[in-house]
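Q: Quick one: the structure is below, questions incoming.
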């Protein structure tokens, strides 16, 4: 090992220098994260209203409860649509698609002749929506909204005083369809596929705020965060201006703009209207996190405005219905799991606004939890836990704008090139001249890529850093295991082996941690911290080092008989492996390893099809509650101890075990890098997480080595002699 380090000391110095340089970006990011420590909560009015109905109280009661006992002073109020007027208010409003209306043969007879005559002249089709209002109050609300928000050629309306009718033009894009189904074709035989129109987006377009809702919220001194649902084709400048005019009418100057529907107001004519309103009123735009907790919901204009305002934006976590149901979840007595969910959102994913909806019973998924003590306990505990991370409750803090400089990215790429050359030197017989040529070609390639593909270059650089440094760490524990096997006696004291294996693990984690810094550095811009942009290739970055381990193991341990030239991948190593006889136990072992590998890769990421068990979640939550950051189970319970056991079993000359433990150890090295691929997660959490994993991993590794040592001694003292004696008796009997 010393000879290798001496031979490559220049490359190692270069790598260390460029890792330190990349730390400049890391320092900027840590400072930004340090000052982004205020979160806010917005409660949803509609859900509170449903909660009020179940308790036979007015919604004002619950608004006051949330204000006085939970200190929630911002209320999200959605504008009304045809659908909400029908279902959630006492207004005499009904709406149907013309497709549904026209299915009745006598439908024209059900409406005033004058209206039918005017509608016929205007024109209609199956995609249009017919809205009927049977009171002056309803007619005034709907007709005024339609006239103020839609262009004249998009609707036909007629007011009869106590009743009114309006048909809003639709099209195939605005229609909502059923799932495809098959019908028997009576004429030609076989089946034909059909879809039916079951609704229209027009039914969900926001038409305005109900005055009585606004009055109830403002009477209690609460701030309104309006929610406007906009849909393409009906969201032009006229629509946007009408929305803003209504905000001004009620004196609403929202702290946050959390867009609804498909985009920001006025998007059909671009983002200028919404952007000007946001800038003029110093509003923070909200980026709503996806249900999968990966990136943000794609809404037209939201990210464009965020970029134009130098990311004067906050990430918003909506308490989706599946979160609402986590009451008495995982065996908890109350809302602990919802509290855990909110805690993780704020601390780990840069969420700064919680869009809160009341808790629901897990049994029927409908009944609201109305005991305020449950909410008080949850938010008190949440505030206490967040305070330990220096978070405070108030107006959501906005992340300071930061863009990693081009020069810093280029310098980081030079460090990555040096690491790649060092990696090749670890298993190929490269001379000094060859290393210089490879390094020069790598530098030229990096400069060319930064010019030709500047956007992809950053992602490619981070991906390469993650893979290369993980492979360097793998090379380190493989080489150390091989060299200790060749230099130490098989009966080396276990205390010495524990010390050497722990030092090896610590060194490998440090190398992988350097890779984590190199991975995170070029991506530490505001757009990545807000998860508008994300790291690509997480699963591939986990998979490639596993493949590389086979190369490293063959280069240092060989296959079959003892390796002659350790540290060089030779043709006969591959030839011996390819020519080996396949035995049943190898097939079984391969299937087990393949299954474990699939499980590991499948669990990586947020859209995993593999669910975490309740027991594991409770264990995770316990660690999360007790420590600054929860260490990864796969690191300290599995992968890190495996590296120590590879060193131990190599020195003890155990067959097969070193390659198995080495393969398991690969997961730990890739996992450390994976921690820093999630740019939205504050860096201090990643550092604490890795530190805890190392400490606990060493403890578990010591336990594992002692268990193996005891089992080995039992085998040597009793089992081995017994088997030998039994074999001798069998041979004598024959």
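Numbering (this note's numbering), first residue to last: -13 to 720. Ideal placement from N, C-alpha and C gives every residue a C-beta, glycine not left out.
At 4 residues or longer, what runs of the alpha helix (DSSP H) sit wholly inside the region 268 to 307?
A: The region 268 to 307 contains these whole alpha helix (DSSP H) runs: 288 to 294.
Q: Given residue 381, which residues of its chain have a CB within under 8 Å of its CB, disregarding the five upstream and five downstream residues?
A: Same-chain partners within the cutoff: 24, 26 and 241.
Q: Using 8 Å as the Cβ pair cut-off and three pairs as the minimum, do the region 180 to 192 and the region 61 to 70 touch?
A: A contact exists between the region 180 to 192 and the region 61 to 70.
Q: Count the other CB atoms, across all protein chains shown, that sit within 10 Å of the CB of residue 574; report buried if there are 16 or more and exposed otherwise.
A: Looking at its Cβ environment, which holds fewer than 16 other Cβ atoms inside 10 Å, residue 574 is exposed.
Q: Within 10 angstroms of its Cβ, does residue 92 collect 16 or more other Cβ (buried), or is it exposed?
A: With fewer than 16 Cβ atoms within 10 Å of its Cβ, residue 92 is classed as exposed.
Q: Does residue 45 have its Cβ less than 9 Å from a Cβ in chain D?
A: This model lacks chain D altogether, as it is built from one protein chain only.
Q: Pull up the CB-CB distance for residue 392 and residue 296, whole angstroms please, since I reckon it's below 8 Å.
A: About 18 Å separates the two Cβ atoms, so there is no contact after all.
Q: Could you give the distance in angstroms between the alpha-carbon of residue 733 and the alpha-carbon of residue 630?
A: For the chain, the structure presents residues -13 to 720; residue 733 sits outside this window and is missing.
Q: CA-CA distance, residue 403 and residue 597?
A: Rounded to the nearest angstrom, the two C-alpha atoms are 38 Å apart.
Q: Report the rounded CA-to-CA distance for residue 227 versus residue 260, giving the unit in angstroms.
A: Taking the straight line joining both Cα atoms gives about 9 Å.
Q: Around the C-beta of residue 374, are 16 or more other C-beta atoms found within 10 angstroms, so that it is buried, or is it exposed?
A: The residue in question, residue 374, is exposed, as its Cβ has fewer than 16 Cβ neighbours within 10 Å.
Q: Using only alpha-carbon positions, find the residue among 299, 344, 279 and 272 that is nearest to residue 307.
A: The residue with the shortest Cα to Cα distance from residue 307 is 344.
Q: How many whole angstroms separate the CB atoms of residue 543 and residue 617, which I take to be in contact at a CB cut-off of 8 Å?
A: Going by Cβ atoms, the distance from residue 543 to residue 617 rounds to 30 Å, so no, they are not a contact pair.
Q: For the region 81 to 125, which segments carrying the alpha helix (DSSP H) assignment without a break, of at least 4 residues, lie completely within its bounds, in sequence order?
A: Counting only runs of 4 or more, we get 84 to 87 and 99 to 108.
Q: Threshold first: 4 residues or longer. Then list the alpha helix (DSSP H) segments lying entirely within the region 150 to 235, N to C.
A: Segments of the alpha helix (DSSP H) lying fully in the region 150 to 235: 197 to 205 and 223 to 235.
Q: Might you give, ordered along the chain, the residues of its own chain that have their beta carbon closer than 6 Å to the beta carbon of residue 45, omitting 5 neighbours on each side?
A: Contacts found: 34, 35 and 38.
Q: Please report the straight-line C-alpha distance between residue 516 and residue 666, rounded to a whole angstrom.
A: Taking the straight line from one Cα to the other gives about 6 Å.
Q: If I measure Cβ to Cβ from residue 22 and keep anything under 7 Å in the same chain, skipping five residues before and after, which residues do I get?
A: The residues are 383 and 385.
Q: Excluding sequence positions up to five away, which residues of its chain have a Cβ less than 8 Å from the Cβ of residue 488?
A: So the qualifying residues of the chain are 630, 684, 687 and 688.
Q: What is the DSSP secondary structure of residue 684, reduced to helix, strand or coil?
A: Note: residue 684 maps to helix in three-state DSSP.
Q: Mind listing, in chain order, the continuous beta strand (DSSP E) runs of no fewer than 3 residues lying wholly within the region 335 to 419?
A: Correct list: 337 to 342.
Q: Going straight from the alpha carbon of residue 19 to that of residue 256, what length do you get?
A: Residue 19 and residue 256: Cα-Cα distance of roughly 32 Å.
Q: Looking at the strands, I want to know which residues DSSP matches up with residue 142.
A: In DSSP, residue 142 forms a bridge with 153.
Q: So for residue 24, helix, strand or coil by DSSP?
A: Residue 24: strand per DSSP, three-state reduction.
Q: Could you spell out the range, first to last residue, of the alpha helix (DSSP H) harbouring residue 60?
A: That residue, residue 60, is in no alpha helix (DSSP H); its beta strand (DSSP E) goes 60 to 64.
Q: How about the region 436 to 448 and the region 489 to 500: do they share at least three Cβ pairs that are nearer than 8 Å?
A: No, they do not touch.
Q: With distance defined between alpha-carbon atoms, name the residue in 398, 333 and 465 nearest to residue 433.
A: For residue 433, the nearest C-alpha among the options comes from 398.
Q: Does residue 243 come out as helix, strand or coil in the three-state DSSP assignment?
A: Strand.
Q: Would you call the region 88 to 106 and the region 50 to 61 in contact, with 3 or more CB pairs under 8 Å?
A: Touching, no, given that fewer than three Cβ pairs across the two stretches are closer than 8 Å.
Q: Taking 9 Å as the cut-off, decide whether the C-beta atoms of residue 342 and residue 30 are in contact.
A: For residue 342 and residue 30, yes; Cβs fall inside 9 Å.
Q: Using C-beta distances below 6 Å, list every residue in its chain close to residue 692, excluding the 5 sequence neighbours before and after it, in chain order.
A: Excluding positions up to five away in sequence, the list is empty.
Q: Does DSSP put residue 721 in a helix, a strand or coil?
A: With the chain covering -13 to 720 only, the question about residue 721 has no answer from this structure.
Q: Looking at residue 80 and residue 132, is the spacing between their C-beta atoms short of 9 Å?
A: Not in contact: residue 132 and residue 80 (Cβ atoms no closer than 9 Å).
Q: What whole-angstrom Cβ distance do residue 208 and residue 186 have, given they're in contact under 8 Å?
A: With a Cβ gap of about 33 Å, residue 208 and residue 186 do not count as contacting.
Q: Grab me the residues of residue 148's own chain with a C-beta within less than 7 Å of its C-beta, minus the 5 sequence neighbours each way, in chain order.
A: Within the same chain, residue 148 has close Cβ partners 121 and 122.
Q: Just how far apart, CA to CA, sit residue 491 and residue 166?
A: Cα-Cα distance, rounded: 56 Å.
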